[in-house]
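See below for the structure under consideration.
Number of protein chains: 2
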Amino acid sequence: MARPIAARRHEEILKRITHTGTVSVEELATSFGVSRETIRRDLKALADRGRLSVVHGGAARRETTEPALGERAQENIAGKAAIGRTAASLVEDGMVVLLDSGTTTLAVARALTTKRNLTICTNSLAHAQLLCRAPGSRVHMLGGEIDPTDEAAVGLDVIEALSRFRVDIAFVGAGGLSQDGEVTDYTRAGAEQRARMIATATKAYFVLDRGKFGRLTPIRIRDADRAGLIVDAKPPPSIAEALARRSTELMIAVECD
Amino acid sequence: MARPIAARRHEEILKRITHTGTVSVEELATSFGVSRETIRRDLKALADRGRLSVVHGGAARRETTEPALGERAQENIAGKAAIGRTAASLVEDGMVVLLDSGTTTLAVARALTTKRNLTICTNSLAHAQLLCRAPGSRVHMLGGEIDPTDEAAVGLDVIEALSRFRVDIAFVGAGGLSQDGEVTDYTRAGAEQRARMIATATKAYFVLDRGKFGRLTPIRIRDADRAGLIVDAKPPPSIAEALARRSTELMIAVECD
DNA sequence: GGTTATTTGTGGCAAATTGCCAGACCCCTG
DNA sequence: CAGGGGTCTGGCAATTTGCCACAAATAACC
Numbered sequence: 010m011a012r013p014i015a016a017r018r019h020e021e022i023l024k025r026i027t028h029t030g031t032v033s034v035e036e037l038a039t040s041f042g043v044s045r046e047t048i049r050r051d052l053k054a055l056a057d058r059g060r061l062s063v064v065h066g067g068a069a070r071r072e073t074t075e076p077a078l079g080e081r082a083q084e085n086i087a088g089k090a091a092i093g094r095t096a097a098s099l100v101e102d103g104m105v106v107l108l109d110s111g112t113t114t115l116a117v118a119r120a121l122t123t124k125r126n127l128t129i130c131t132n133s134l135a136h137a138q139l140l141c142r143a144p145g146s147r148v149h150m151l152g153g154e155i156d157p158t159d160e161a162a163v164g165l166d167v168i169e170a171l172s173r174f175r176v177d178i179a180f181v182g183a184g185g186l187s188q189d190g191e192v193t194d195y196t197r198a199g200a201e202q203r204a205r206m207i208a209t210a211t212k213a214y215f216v217l218d219r220g221k222f223g224r225l226t227p228i229r230i231r232d233a234d235r236a237g238l239i240v241d242a243k244p245p246p247s248i249a250e251a252l253a254r255r256s257t258e259l260m261i262a263v264e265c266d
Numbered sequence: 010m011a012r013p014i015a016a017r018r019h020e021e022i023l024k025r026i027t028h029t030g031t032v033s034v035e036e037l038a039t040s041f042g043v044s045r046e047t048i049r050r051d052l053k054a055l056a057d058r059g060r061l062s063v064v065h066g067g068a069a070r071r072e073t074t075e076p077a078l079g080e081r082a083q084e085n086i087a088g089k090a091a092i093g094r095t096a097a098s099l100v101e102d103g104m105v106v107l108l109d110s111g112t113t114t115l116a117v118a119r120a121l122t123t124k125r126n127l128t129i130c131t132n133s134l135a136h137a138q139l140l141c142r143a144p145g146s147r148v149h150m151l152g153g154e155i156d157p158t159d160e161a162a163v164g165l166d167v168i169e170a171l172s173r174f175r176v177d178i179a180f181v182g183a184g185g186l187s188q189d190g191e192v193t194d195y196t197r198a199g200a201e202q203r204a205r206m207i208a209t210a211t212k213a214y215f216v217l218d219r220g221k222f223g224r225l226t227p228i229r230i231r232d233a234d235r236a237g238l239i240v241d242a243k244p245p246p247s248i249a250e251a252l253a254r255r256s257t258e259l260m261i262a263v264e265c266d
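Chains A and B supply the protein sequences, listed in that same order.
Going letter by letter, the first sequence gives residues 10 to 266 in this note's numbering.
Going letter by letter, the second sequence gives residues 10 to 266 in this note's numbering.
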């Protein structure tokens with residue numbers, strides 16, 4: 010059970026964070042008269058609950074230092090760009106394209122800005138904004154409640170809005186690619202939504218950058234076998250074998266400099 | 010000596026950059042009391058995350074191709090902020106708020122970030138993004154085809170999505186405020202959509218900055234009389250008289266420095 | 001009152017940050 | 001176009017911070 014003392018510290022830490030923006034471990038430790046390790050555990054607990062983000066030497070308010078999305082978008086840029094180019098090469102003039110949220114699909118969106126005469130559906134705010142600034146394509150936003158971590162709509166509204174579209178090709182993200190070659194997701198709702206996206210489209214591809222190889226997330230995505238895979242590096246042998254057994258279509262994007 | 014947290018410097022650097030446009034390494038080093046190398050590393054880290062660009066001797070705001078939207082948002086900032094504050098003062102804890110697209114309603118969105126426990130519906134991508142980054146409120150995006158000039162959803166889908174919500178208070182933009190005290194819009198579709206927004210809400214307000222006074226746009230907005238008006242300056246006498254005849258509720262926001 | 005579970009503190013080691021220094025580079029001026 | 005002053009880059013050492021595992025302390029429970 011949580012000791013009242015710890016709860017009091019948490020409260021005070023959050024108050025300081027919202028007031029000043031950042032706190033340091035050292036400050037808090039001397040101020041509360043506890044060890045730095047304890048403070049660090051407090052910060053970790055609060056970070057796990059999404060109330061702040063831990064930075065070197067302390068913690069900072071979540072929304073200012075951690076657009077989380079912008080941060081993640083910077084990882085493995087070259088690989089994601091390569092995936093984007095490969096995905097775009099599958100898209101032909103006049104197609105209806107469905108784009109999931111995520112940083113890898115954002116790279117696909119960038120690659121699609123060079124195309125013309127597309128109809129693009131997405132549940133992501135950033136993707137919609139990017140694509141509507143590029144000329145030549147119509148953009149449809151799938152509405153619904155916005156998940157702050159993805160900055161994209163999720164839930165029943167999205168699934169229902171999806172049902173109105175006839176989609177030629179879908180590019181979908183995911184949480185991880187297991188050793189068994191299964192595509193998995195973090196949440197039940199997310200997995201279901203992605204399954205619907207795949208079911209809606211004539212052809213669907215998961216876009217997964219190399220960071221997802223072997224990552225274990227809890228929920229299996231239904232109908233994932235219907236979808237192909239676009240990645241930015243050769244998967245490890247064990248995964249590659251599993252994919253071959255499932256006869257999953259696999260495309261490996263090559264980076265160019 | 011206690012080591013300063015890098016995140017604190019980063020935050021301050023970004024603040025200065027957005028404020029003054031450029032910063033110099035020397036300035037920052039003396040101001041933070043650290044070496045120039047450290048500052049350079051900070052700048053590199055921020056540049057890697059895409060928050061600024063490094064130039065010889067310092068750093069500058071990142072050159073982004075700001076869309077026309079960004080331009081308009083720069084006009085009459087103080088007035089729009091005042092309107093935002095006034096609008097926010099009408100919003101109470103737990104309310105369901107409907108936000109139209111536009112630069113003036115964006116100021117309202119900014120003011121609403123300080124509130125808690127709201128449910129906010131909007132058809133604007135930028136508004137949704139801004140609000141979902143602020144903690145404490147749920148955001149619903151009204152889906153539909155994206156109009157590139159407003160970067161917001163328009164059309165039948167929006168009107169239908171609207172019908173699912175029970176809205177306490179709506180803040181709506183418009184094209185102009187005529188000499189007769191009539192609120193008007195550029196397009197038929199836009200006027201209809203705004204009329205529906207007003208009809209959906211228990212209470213609705215147009216937010217119009219002084220630039221809209223006397224501007225003539227072709228389409229009258231239905232049911233505009235049900236809505237109040239929030240402006241940032243006393244309207245000219247002729248308009249004020251017309252509004253009084255219509256017994257339109259008029260709030261004039263005051264700028265504070 | 002004894003036992004269990006949770007929290008807190010401590011120590012060692014890995015990793016990150018910072019300052020300093022030397023050499024290469026850039027920009028400006030004459 | 002050459003020189004000078006300032007700026008950037010890379011490596012290295014000192015210090016701080018983070019992480020992990022284990023021990024101690026304290027609250028909760030029967």
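We put the beta carbon where it would ideally sit given N, CA and C, even for glycine.
Review point. Is DSSP giving B/L151 helix, strand or coil here?
Key: Residue state, collapsed to three classes: coil.
Check your understanding: What do you get for B/L107, buried or exposed, if any count of 16 or more other CB atoms within 10 angstroms of its CB means buried?
Key -> Answer is buried; the Cβ neighbour count reaches 16.
**Study point:** N-terminal and C-terminal residue of the beta strand (DSSP E) that B/V34 is part of
**Key:** Membership of B/V34 in any beta strand (DSSP E) is not indicated; the residue belongs instead to the alpha helix (DSSP H) covering 34–41.
Review point. When DSSP labels each residue in this structure, what does A/K24 get in the three-state scheme?
Key: In the structure shown, A/K24 sits in a helix (DSSP, three-state: H, G or I).
Practice item. Return helix, strand or coil for A/I48, following the three-state DSSP convention. Key: Taken through DSSP and simplified to helix, strand or coil, A/I48 comes out as helix.
Check your understanding: Can you tell me the Cα-Cα spacing of A/Q138 and B/E160, whole angstroms?
Key -> When rounded, the distance between both Cα atoms is 7 angstroms.
Review point. Between the C-alpha atoms of A/A97 and A/T122, what's the straight-line distance to the nearest angstrom?
Key: A straight-line Cα-Cα distance of about 9 angstroms links A/A97 and A/T122.
Point to revise | Where the beta strand (DSSP E) containing B/A69 begins and where it ends | key: Unbroken beta strand (DSSP E) run through B/A69: 67–70.
Review point. Apart from the five residues just before and just after B/R70, which ones in its own chain have a Cβ nearer than 6 angstroms to its Cβ?
Key: Correct list, in chain order: I26, G30.
**Study point:** When B/T47, B/R58, B/T95, B/L171 are compared against B/A237, the one with the closest alpha-carbon
**Key:** It is worth fixing the name first, because residue 237 of chain B is Gly in this sequence and not Ala. Looking at the Cα atoms, B/T95 is the closest of the given residues.
Review point. Looking at the C-beta of A/V64, does it have a partner C-beta in chain B at a distance below 9 angstroms?
Key: So, interface residue.
Practice item. For A/D177, collect the residues of the same chain with a Cβ closer than 6 angstroms to its Cβ; drop the 5 residues on either side in sequence, then sort them by chain order. Key: Correct list, in chain order: M104, V105, T211.
Point to revise | Same chain, Cβ closer than 6 angstroms to A/D189, five either side skipped, listed in chain order | key: If we look at A/D189 and ignore the five residues flanking it on each side, its Cβ neighbours are A251.
Review point. What residues from chain B crowd round A/Q138, counting only those whose CB sits closer than 8 angstroms?
Key: Neighbours of A/Q138 on chain B, chain order: L134, A135, Q138, E160.
Check your understanding: Is any beta-carbon of chain B found at less than 9 angstroms from that of A/H28?
Key -> It does not; no Cβ of chain B falls within 9 angstroms.
Practice item. Please work out which residues of its chain come closer than 8 angstroms, Cβ to Cβ, to A/P76, disregarding the five sequence neighbours upstream and downstream, and give them in chain order. Key: Caution is warranted here: a pLDDT of 47 is assigned to A/P76, below 50, making its placement in the model unreliable, and the coordinate value is therefore given only provisionally. Excluding five sequence positions before and after A/P76, none of the CB atoms of its chain fall closer than 8 angstroms to its own CB.
Point to revise | Within-9 angstroms CB hit, B/L151 to chain A | key: Yes, because at least one Cβ of chain A sits closer than 9 angstroms to the Cβ of B/L151.
Exercise for review: Determine, using beta carbons only, whether B/A249 and B/G88 come nearer to each other than 9 angstroms.
Suggested key: Annotated as distal: B/A249 and B/G88, with beta-carbon spacing of 9 angstroms or more.
Point to revise | Chain-ordered chain B contacts of A/G67 [CB-CB under 9 angstroms] | key: Per Cβ cutoff of 9 angstroms: I14, A16, R17.
Practice item. Give me the Cα-Cα distance between B/H149 and A/E191, rounded to the nearest whole angstrom. Key: Each residue's Cα considered, the two are about 32 angstroms apart.
Practice item. With a 10 Å radius around its C-beta and 16 neighbouring C-beta atoms as the bar for buried, classify B/T114 as buried or exposed. Key: Per the 10 Å Cβ criterion, buried.
Exercise for review: Consider the Cβ of A/T31: report whether some Cβ of chain B lies at a distance smaller than 9 angstroms.
Suggested key: Chain B, which has a Cβ nearer than 9 angstroms to the Cβ of A/T31, makes this yes.
Practice item. Please check if any C-beta of chain A sits within less than 9 angstroms of the C-beta of B/E154. Key: With respect to chain A, the C-beta atom of B/E154 has a partner C-beta closer than 9 angstroms.
Check your understanding: When DSSP labels each residue in this structure, what does A/D177 get in the three-state scheme?
Key -> Strand, per DSSP.
Practice item. Give the residues of chain A in contact with B/A170, contact being defined as C-beta atoms less than 7 angstroms apart. Key: The contacting residues are G152.
Practice item. Verify the CB distance criterion: does B/P227 have a CB-CB separation below 9 angstroms to chain A? Key: No, no contact with chain A.
Check your understanding: So with Cβ pairs under 9 angstroms, would you call A/V9 a contact of chain B?
Key -> Nothing can be reported for residue 9 of chain A, as the shown portion of chain A is limited to 10 through 266.
**Study point:** Sub-9 angstroms separation of B/F180 and B/I239 beta-carbons
**Key:** In contact: B/F180 and B/I239 (Cβ atoms closer than 9 angstroms).
Exercise for review: Identify every residue that forms a DSSP beta bridge with B/Y214.
Suggested key: DSSP lists B/F180, B/G237 as the bridge partner or partners of B/Y214.
**Study point:** B/D102 at chain A interface by Cβ criterion, 9 angstroms
**Key:** Cβ-Cβ to chain A under 9 angstroms: no for B/D102.
Check your understanding: Taking buried to mean at least 16 other C-beta atoms within 10 Å of its own C-beta, is A/R254 buried or exposed?
Key -> With fewer than 16 other beta carbons inside 10 angstroms of its own, A/R254 counts as exposed.
Practice item. Note down, in chain order, each residue of its chain lying with its Cβ closer than 6 angstroms to the Cβ of B/T128, except the 5 sequence neighbours on either side. Key: Cβ within range, chain order: V105, R147.
Review point. Is the CB-CB distance between B/A170 and B/L151 below 9 angstroms?
Key: In this structure, the beta-carbon distance from B/A170 to B/L151 falls below 9 angstroms.
Practice item. Give the secondary structure of A/S62 by DSSP, where H, G and I count as helix, E and B as strand, and everything else as coil. Key: If DSSP states are grouped into helix, strand and coil, A/S62 belongs with the strands.
Review point. Leaving out five residues before and five after B/E201 in sequence, what residues of the same chain have Cβ atoms less than 8 angstroms from its Cβ?
Key: I168, R231, listed in sequence order.
Practice item. Report yes or no: is there a C-beta of chain A within less than 9 angstroms of the C-beta of B/R254? Key: Any Cβ of chain A closer than 9 angstroms to the Cβ of B/R254 would place that residue at the interface, and such an atom is absent.
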